[in-house]
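These protein sequence lines are chains A, B and C, in that order. Note that this note's numbering gives residue 142 to position 142 of the first sequence, counting from 1, and the numbers run on in steps of one. Note that this note's numbering gives residue 7 to position 7 of the second sequence, counting from 1, and the numbers run on in steps of one. Note that this note's numbering gives residue 97 to position 97 of the third sequence, counting from 1, and the numbers run on in steps of one. Just so you know, even glycine gets a beta-carbon here, dropped at the ideal spot from N, CA and C. If you're wondering where the values come from, they're calculated on a predicted model, not measured in any experiment.
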Amino acid sequence: MTIEIKTSTLEPVRNTFANIERRFGDKPASRYQEATYDLQAETNFHYRPLWQPEFELNDKNRTKVVMEDWYALKDPRQFYYGAYVQQRAKMQEAAESSYGFFEKRNLADYLSDDVKNLLITYLIPLRHIENTANLNNMYGCAFGYGTAITQALLYNAMDRLGIAQYLSRIGLMLDGNTGQSLIESKQHWMENPAWQGMRALCEEMTTVEDWFEVVLAQNLVMDTLVFNLFYEQLDGKLAAMGGRDIAMLTEFMQAWNKDVNKWFDSVLKTVASESDENKALLHAWTEKWQSKVLDALKPVIQELLEPEAFNLAVAELEKRIKKAGITA
Amino acid sequence: MSKVYIALQDNDESRYIIEAIEEDNPDATVIHQPAMIRIENENYLVVKRETVEEKMGRDWDVQELHLNLITLGGNVDEDDDQLSLSWNV
Amino acid sequence: MSAKKLNLKDKYRLLTRDLDWEYSYVDRKKAFPYEEFEGIKITDWSKWEDPFRLTMDAYWKYQAEKEKKLYAIFDAFAQNNGHLNVTDARYVNAIKIFLTGVSPLEYQAYQGYAHVGRQFGGAGARVACQMQSIDELRHVQTQIHAMSHYNKYFDGFQDWTHMHDRVWYLSVPKSFFDDARSAGPFEFLIAISFSFEYVLTNLLFVPFMSGAAHNGDMATCTFGFSAQSDEARHMTLGLEIIKFLLEQHEDNVPIVQKWIDKWFWRGTRLLSIVAMMMDYMLPNKVMSWKEAWEVYFEEAGGALFKDLARYGIRMPKFVEVTEKEKEHVSHQAWWIFYNYGHAAGFHTWIPSDEELDWLSEKYPDTFDKYYRPRWELAKKMEAEGKRFYSQALPQLCTTCQIPMGFTEMDDPTQIAYRSSDYEGEKYHFCSDGCKHIFDEEPEKYVQSWLPVHQIYQGNCGGASVEEVLRDYYKLNLGADNLDIKGSPDEQRWKEWKGVA
Chain A
1 MTIEIKTSTL EPVRNTFANI ERRFGDKPAS RYQEATYDLQ AETNFHYRPL WQPEFELNDK
61 NRTKVVMEDW YALKDPRQFY YGAYVQQRAK MQEAAESSYG FFEKRNLADY LSDDVKNLLI
121 TYLIPLRHIE NTANLNNMYG CAFGYGTAIT QALLYNAMDR LGIAQYLSRI GLMLDGNTGQ
181 SLIESKQHWM ENPAWQGMRA LCEEMTTVED WFEVVLAQNL VMDTLVFNLF YEQLDGKLAA
241 MGGRDIAMLT EFMQAWNKDV NKWFDSVLKT VASESDENKA LLHAWTEKWQ SKVLDALKPV
301 IQELLEPEAF NLAVAELEKR IKKAGITA
Chain B
1 MSKVYIALQD NDESRYIIEA IEEDNPDATV IHQPAMIRIE NENYLVVKRE TVEEKMGRDW
61 DVQELHLNLI TLGGNVDEDD DQLSLSWNV
Chain C
1 MSAKKLNLKD KYRLLTRDLD WEYSYVDRKK AFPYEEFEGI KITDWSKWED PFRLTMDAYW
61 KYQAEKEKKL YAIFDAFAQN NGHLNVTDAR YVNAIKIFLT GVSPLEYQAY QGYAHVGRQF
121 GGAGARVACQ MQSIDELRHV QTQIHAMSHY NKYFDGFQDW THMHDRVWYL SVPKSFFDDA
181 RSAGPFEFLI AISFSFEYVL TNLLFVPFMS GAAHNGDMAT CTFGFSAQSD EARHMTLGLE
241 IIKFLLEQHE DNVPIVQKWI DKWFWRGTRL LSIVAMMMDY MLPNKVMSWK EAWEVYFEEA
301 GGALFKDLAR YGIRMPKFVE VTEKEKEHVS HQAWWIFYNY GHAAGFHTWI PSDEELDWLS
361 EKYPDTFDKY YRPRWELAKK MEAEGKRFYS QALPQLCTTC QIPMGFTEMD DPTQIAYRSS
421 DYEGEKYHFC SDGCKHIFDE EPEKYVQSWL PVHQIYQGNC GGASVEEVLR DYYKLNLGAD
481 NLDIKGSPDE QRWKEWKGVA
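Next comes the structure, spelled out in structure tokens:
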């Protein structure tokens, strides 16, 4: 009978796992801590990978970034799986209600052909960029070191798949669920000269070897510019063209972008402040990819937005770079 | 002949699903084990959305099955209306 | 506009694989470099059939619902001191093995699927692997959270990741997954999705989790079954990948068969630990290992291999040995641990009289004849104060890394020894299956980090076994190891339960 148990005998023997105690002291730990720190195998690997015999299965040398402790890259959102899916489920519920409303009221019928064309030519092709972002974050997850960063990269990769799917659904709403608009938009991605720079860059990104480099190129440089130009700035233009309702469908992307920037800015800051070598490395990568992405975006943006749009986007990127402490 | 099978967690929702499976697969065998219910049948078993909806008295998405599913055996075919398990013999 | 509504399959195709495109600016092989070196021929990725059509929005929604339910139970379990409801303190040792031996494999599965979920050129397969990767992360994390409460009240859980990288018997599961992850992407899928998930994991999750429920462990049962609901998707991926490879090119058939042979044997060896958990470590029994093997492998696996016969796939090599082994393997494995209980991170014990009777009933052809006499002797020695622990370090099988304690199946009194010579060295094995695996890929298995060799070579600190256990493994000696009888775990349990 549990009633007879004296409470004093039910005192725990220890508060948390030994690895957590070594890091944070003998006190109750959070679910994020217990589900994150030291999960990944560190030593005594049995076999070298057949596909990369120059490395161990888990190996810190797959990037030039050097960290004393890769678990320093903690996620300020404290996302472990359960916290992550529950947070995304909330966002999904809101998005579902917007998409449902849009569909039920046939709001696509009220869009002019100009707006529809613009969406098919310039917005929906972003689903292919999201697909690239999915690959790049998966790359970081697979080759990265330590659960703190790799789990966050996986959540990011899955998010990108989700965004690509939302973008595709916008297409399906425009074409009445026939898939025609997705075919057209993919044709733009494959053949429209304005998009070829971006397509070539996406292809190139999936061949970058250093996982931290590609993750930075994607999540800092590419994303800041793309999200600013194609969601924030395009929003204004769409509203002026009578396409205000589209904002209902891209709300998820905007809210999402805010959420992940919080995480990735903190990752960059921690890496940059670890050493001058790291800082110089991040700086060089940022410069390199900033010029590549800007070159690739130029033809699309010239067709889509006003000339000062670029400056606004670059200012946004510079703000983030400065905040992360990535200076020469 | 080979058996296909599906096992569900023993809870309230599963009870309706199992009623529906029994109705649509009259030859199936239902086996109760601690915390789980296993249903097996020779070669073929189907879970139909319509029947489950009838039993539950509400809309039910076939993908909701995953909330209570423990395991299955057989080739899966899933669409909007049903999930079926079969062996090609 | 008269819209032709897309069906679920076409819609899912547009929402996943249509996101991909044919590269024209860089060589696609540079982006997906590991698809060819194993000799597998893929002629057309578009023939891939998506087993389940789960888009991310539905994934978030359903998984969040599962997690909400699961964590509500974890919270209730902790608040109500659920650990007091398990059958007895012995039971908890089974889940110590789970956390130190199985949960790290879930982690490796997360890593392995992330790797193939990036490397496959076919978007259908890639996305399915990505979803499995995130599911596997879920499994390791929910297991940690379920065990977190036990860790506060019992010994042996506290340094599980440190232990997994070092402790001798944990190199059995670790090397299994290292082997799969270090292989090429297609072998990885045949190893884990097909041979392990489809053919064998039901044996771990279904009867064992049902057993957890039967022993009052709601936390473990709930995460186990909740994980299984993802597993059903994973199993289907396993079946899909094998059919896909076999349909792509006839040259794939012998390669796939070779992998099935290897991974089936590797898997059965790994599961000998589960066999022992089911037959010896659950105070309330659900079914014997032999019965579980018959239902979940012989019956279910039999149906599966009959289905695959049309592709020219046959039952795995050495399957006839497992038919005999199901009578022996749990008894032999528990005996090994009973002998090395001083060097294990969990407690051991002699089965009670009722348990011995249950084993006799479940194993009428072997238990009384071969195994009961050992336990009777152990009981007698213990009563005389002569509890015996093997002091010599055991020789390990180079392939599965289990101490050489399994017998010839036709003569269960004779320990089985096999060996091979490779580049002037002799390598030892516990069975024909393990020798065969080595002989196929000796250059891989000569790399094995064999814990006993490593201790002898001085790579595990300390000159004595005790120092290795204490300093290198970080076991709390006298608390984590030895018999349950007289352990702090037992003492606390008695206090909680008010028994002297």
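Which residues in chain C sit within 7 angstroms of residue i, going by Cβ to Cβ distance?
{"i": "B/Met-56", "result": "What B/Met-56 touches in chain C: nothing, since even the nearest Cβ is about 16 angstroms away."}
{"i": "A/Val-85", "result": "Trp-60, Gln-63, Ala-64, Glu-67"}
{"i": "B/Gln-63", "result": "Leu-54, Ala-58, Tyr-62"}
Using the beta-carbon of each residue, which ones in chain B are nearer than 9 angstroms to residue i?
{"i": "C/Val-286", "result": "Gln-33, Pro-34"}
{"i": "C/Pro-51", "result": "Val-76, Glu-78"}
{"i": "C/Ser-390", "result": "Within 9 angstroms Cβ-Cβ: nothing; C/Ser-390 doesn't reach chain B, min ~36 angstroms."}
Do residue i and residue j have their C-beta atoms within less than 8 angstroms of each other?
{"i": "C/Ala-125", "j": "C/Trp-48", "result": "yes"}
{"i": "A/Gln-165", "j": "C/Leu-15", "result": "yes"}
{"i": "C/Asp-88", "j": "C/Pro-364", "result": "no"}
{"i": "A/Ser-185", "j": "A/Ile-129", "result": "no"}
{"i": "C/Val-286", "j": "C/Pro-412", "result": "no"}
{"i": "C/Thr-142", "j": "C/Leu-70", "result": "yes"}
{"i": "C/Ala-514", "j": "C/Ala-292", "result": "The structure shown does not extend to residue 514 of chain C, since chain C is modelled only from 1 through 500, so no value can be given for it."}
{"i": "C/Ala-259", "j": "C/Gly-433", "result": "The identity of residue 259 of chain C in the sequence shown is Trp, whereas the question assumes Ala. Cβ distance not < 8 angstroms, so C/Trp-259 and C/Gly-433 don't count as in contact."}
{"i": "C/Glu-106", "j": "C/Glu-136", "result": "yes"}
{"i": "C/Cys-400", "j": "C/His-428", "result": "no"}
{"i": "A/Tyr-145", "j": "A/Trp-70", "result": "yes"}
{"i": "A/Asp-223", "j": "A/Ala-148", "result": "no"}
{"i": "C/Ile-336", "j": "C/Ala-378", "result": "no"}
{"i": "B/Ser-14", "j": "B/Ile-37", "result": "yes"}
{"i": "C/Phe-225", "j": "C/Met-235", "result": "no"}
{"i": "A/Ala-328", "j": "A/Trp-285", "result": "no"}
{"i": "C/Ser-229", "j": "B/His-66", "result": "yes"}
{"i": "C/Ala-227", "j": "C/Thr-220", "result": "no"}
{"i": "A/Val-215", "j": "A/Leu-153", "result": "yes"}
In chain C, which residues lie with their C-beta within 8 angstroms of the C-beta of residue i?
{"i": "B/Thr-29", "result": "By Cβ distance, chain C contributes nothing, its closest Cβ being about 13 angstroms from B/Thr-29, past 8 angstroms."}
{"i": "A/Met-67", "result": "Ordered by position in chain C, no residue passes the 8 angstroms Cβ test against A/Met-67, which lies about 18 angstroms from the chain."}
{"i": "B/Asn-68", "result": "Ser-229"}
For residue i, I'd like the list of residues in its chain whose CB is within less than 7 angstroms of its CB, leaving aside the five on either flank, ordered along the chain.
{"i": "A/Ala-324", "result": "Asp-265, Leu-268, Lys-269, Ala-272"}
{"i": "A/Asn-19", "result": "Tyr-37, Asp-38"}
{"i": "C/Lys-497", "result": "none"}
Report all residues from its chain with a CB closer than 8 angstroms to the CB of residue i; omit the five preceding and five following residues, and keep chain order.
{"i": "A/Asp-245", "result": "Phe-102, Leu-107, Tyr-110, Leu-111"}
{"i": "B/Asn-11", "result": "Asn-68"}
{"i": "B/Arg-49", "result": "Trp-60, Asp-61, Val-62, Asp-80, Asp-81, Gln-82"}
{"i": "A/Gly-243", "result": "Leu-111, Ser-112, Val-115, Leu-118, Leu-119"}
{"i": "C/Thr-43", "result": "Gln-248, His-249"}
{"i": "A/Trp-189", "result": "Pro-125, His-128, Trp-195, Arg-199"}
Just the chain E side, please: which residues come within less than 8 angstroms of residue i by C-beta, in chain order?
{"i": "A/Asn-15", "result": "Looking at the structure shown, chain E is missing, and the protein chains on hand are A, B and C."}
CB-CB under 6 angstroms to residue i, same chain, minus the five flanking residues each way: which ones, in chain order?
{"i": "C/Gly-312", "result": "Val-253"}
{"i": "C/Lys-9", "result": "none"}
{"i": "A/Ile-170", "result": "Leu-249"}
Between residue i and residue j, how many whole angstroms is the CB-CB distance? I'm expecting something under 8 angstroms.
{"i": "B/Val-4", "j": "B/Ile-18", "result": "That belief does not hold up - the Cβ atoms of B/Val-4 and B/Ile-18 are roughly 15 angstroms apart, past 8 angstroms."}
{"i": "A/Leu-297", "j": "A/Met-205", "result": "The Cβ separation is near 14 angstroms, so there is no contact."}
{"i": "C/Ile-144", "j": "A/Ala-35", "result": "5 angstroms"}
{"i": "C/Val-256", "j": "C/Ile-190", "result": "6 angstroms"}
{"i": "C/Gly-345", "j": "C/Lys-96", "result": "7 angstroms"}
{"i": "A/Lys-64", "j": "A/Asp-295", "result": "24 angstroms between Cβ atoms; not a contact."}
{"i": "C/Asn-339", "j": "C/Tyr-389", "result": "7 angstroms"}
Please list the partners that residue i has in chain B, where partner means a Cβ-to-Cβ separation under 7 angstroms.
{"i": "C/Glu-231", "result": "Thr-71"}
Under 7 angstroms: does the beta carbon of residue i sit that close to some heavy atom of the ligand GDP?
{"i": "A/Val-13", "result": "Because no ligand of any kind appears in the structure shown, any question about the ligand GDP cannot be addressed here."}
List the residues of chain A whose Cβ lies closer than 8 angstroms to the Cβ of residue i, in chain order.
{"i": "C/Gly-216", "result": "Those within 8 angstroms of C/Gly-216 in chain A number zero; the least Cβ separation is about 12 angstroms."}
Chain C partners of residue i, CB-CB under 9 angstroms?
{"i": "A/His-128", "result": "Leu-19, Asp-20, Trp-21"}
{"i": "B/Gln-82", "result": "Ordered by position in chain C, no residue passes the 9 angstroms Cβ test against B/Gln-82, which lies about 11 angstroms from the chain."}
Would you mind telling me which residues of chain B sit closer than 8 angstroms to residue i, beta carbon to beta carbon, in chain order?
{"i": "C/Ala-300", "result": "Lys-3, Tyr-5, Gly-73"}
- Item | Segment contact flag, the region 52-63 of chain C with the region 17-24 of chain C, C-beta cutoff 8 angstroms, min 3 pairs | no
I'd like to know if the region 158-166 of chain C and the region 93-102 of chain C are in contact, where contact means that at least 3 CB-CB pairs between them fall below 8 angstroms. yes
message: Count Cβ pairs between the region 175-191 of chain C and the region 41-56 of chain A that sit closer than 8 angstroms; are there 3 or more?
response: yes
Quick one: any contact between the region 226-238 of chain A and the region 251-264 of chain A, if contact means 3 or more CB pairs under 8 angstroms?
-> yes
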